[in-house]
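Trainee: Handing you a structure now.
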Amino acid sequence: MAELLLDPHIRVWVFLPIVVITFLVGIVRHYVSILLTTQKKVELQQVQDSQAIIRARNLRENGKYIPKQSFLMRRHFFNNEEVGYFKTSQKRGNVTQNPLSDPTMVTDLLKGNLTNVVPMIMIGGWINWMFSGFVTTKVPFPLTLRFKSMLQRGIELVSLDASWVSSASWYFLNVFGLRSIYTLVLGENNAADQSRHIQEQMSGAAMAMPPDPKAAFKAEWEALEIYDHQWGLQNIESELLGSGELTAENMYHQNNVAESNNLM
1 MAELLLDPHI RVWVFLPIVV ITFLVGIVRH YVSILLTTQK KVELQQVQDS QAIIRARNLR
61 ENGKYIPKQS FLMRRHFFNN EEVGYFKTSQ KRGNVTQNPL SDPTMVTDLL KGNLTNVVPM
121 IMIGGWINWM FSGFVTTKVP FPLTLRFKSM LQRGIELVSL DASWVSSASW YFLNVFGLRS
181 IYTLVLGENN AADQSRHIQE QMSGAAMAMP PDPKAAFKAE WEALEIYDHQ WGLQNIESEL
241 LGSGELTAEN MYHQNNVAES NNLM
């Protein structure tokens, strides 16, 4: 197969403009997203429940470092049959709502689609129309024929090597490949990263059904009930003194040696 040579003007009028346009659109999308983003309200009850679960887990993991009476008092706060936090919380009505039923959440989803999906479709269509049929660059390694449909959109040439990239495919490669540049310019967690927005949309189904805190409360209640407290610092004095053999005679001898060294 004969080697294909590109006109140098393609680099100036096709290759670089697509990169610059994609980058600038991402910058504009980032600042527009900041303007349209509304601060999410966090329910006080949800914060209390999450902090209670964290405290219960810390009690199970580090309970051996406090006296048994202190451990029992803390477990009584969580597991008492009448006034325990986990028991009263399980009797409480389900306050968690489906996020999709919240008008604010639906509005945020529409804003996200407006600032991410719509510009990508419009700019992609304009680039496909403006630079239609151009071969922009070539990847520096050989590829199989399966990559032709991904890298050569808009160019239907069977004889063309799969390593060549069309203008439309070059645009989509820039959309998902400028993440490091956006991070360098805008910082972490920027709104210009198109791949991050797609991942958030894919995880939207999991966000639609929030976890039930009653199941977590029941699991922590059972874990605290079967926890057997073993005082981990029962012989800490003898262990510390025995490890270094710090008897009264040794301490007197060490002090005498230190004083003699200072005099010398």
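The sequence shown begins at 1 in full-length UniProt numbering and counts up one residue at a time. For each residue, glycine too, the CB sits at the ideal point set by N, CA and C.
1) So which of I18, V12, D7, H9 has the shortest CA-CA distance to G177?
2) Answer yes or no: does any C-beta atom of chain B fall closer than 8 Å to that of R74?
3) Below 6 Å CB to CB, which residues in the same chain sit around S169 once its five sequence neighbours on both sides are set aside?
4) Where W129 and I123 are concerned, what is the direct C-alpha to C-alpha distance, given to the nearest angstrom?
5) Hey, I127 and Y171 are a contact pair by Cβ (cut 8 Å); roughly how many whole angstroms apart?
6) To which residues of the same chain is F15 closer than 8 Å at the C-beta, ignoring the five residues directly before and after it?
7) State the CB to CB distance for the pair S166 and I155, rounded to an integer number of angstroms; the pair is presumed to be in contact (CB under 8 Å).
8) Nearest-angstrom Cα distance between A216 and L240?
9) Looking at K218 and the ligand FMN, is the gap between the Cβ and the nearest heavy atom below 7 Å?
10) CB L24 to CB T115, shorter than 8 Å?
11) For K148, count neighbouring Cβ atoms within 10 angstroms of its own Cβ and tell me buried if that reaches 16, exposed if not.
12) The beta strand (DSSP E) that contains V165, what's its start and end?
13) In angstroms, rounded to a whole number, what distance separates the CA positions of P213 and L224?
14) Relative to the C-alpha of V106, which candidate in K40, K87, N79 has its C-alpha closest?
15) Which class does V28 belong to by DSSP, given the choice of helix, strand or coil?
16) If you count every other CB in all the chains shown that lies within 10 Å of the CB of W13, and 16 or more means buried, which is it?
17) Taking the alpha-carbon positions, what's the G125 to F131 distance?
18) Got a sec? Which residues, its chain only, sit under 8 Å from S89 by beta carbon, not counting five neighbours each side?
Mentor: Per the coordinate set shown:
1) I18
2) You won't find chain B in this structure, because it holds only one protein chain.
3) L151, R153
4) 10 Å
5) 5 Å
6) T136, T137, W170
7) 5 Å
8) 39 Å
9) Because no ligand of any kind appears in the structure shown, any question about the ligand FMN cannot be addressed here.
10) In this structure, T115 does not lie closer than 8 Å to L24 by Cβ.
11) Burial check for K148: the Cβ neighbour count within 10 Å reaches 16 or more, so the residue is buried.
12) In the DSSP assignment, V165 falls within the unbroken beta strand (DSSP E) covering 164–166.
13) For P213 and L224, the distance between alpha carbons rounds to 16 Å.
14) K40
15) helix
16) W13 is exposed by the Cβ-count criterion.
17) 10 Å
18) Excluding residues within five positions, the ones whose Cβ falls inside 8 Å are D49, A52, P213, K214, F217.
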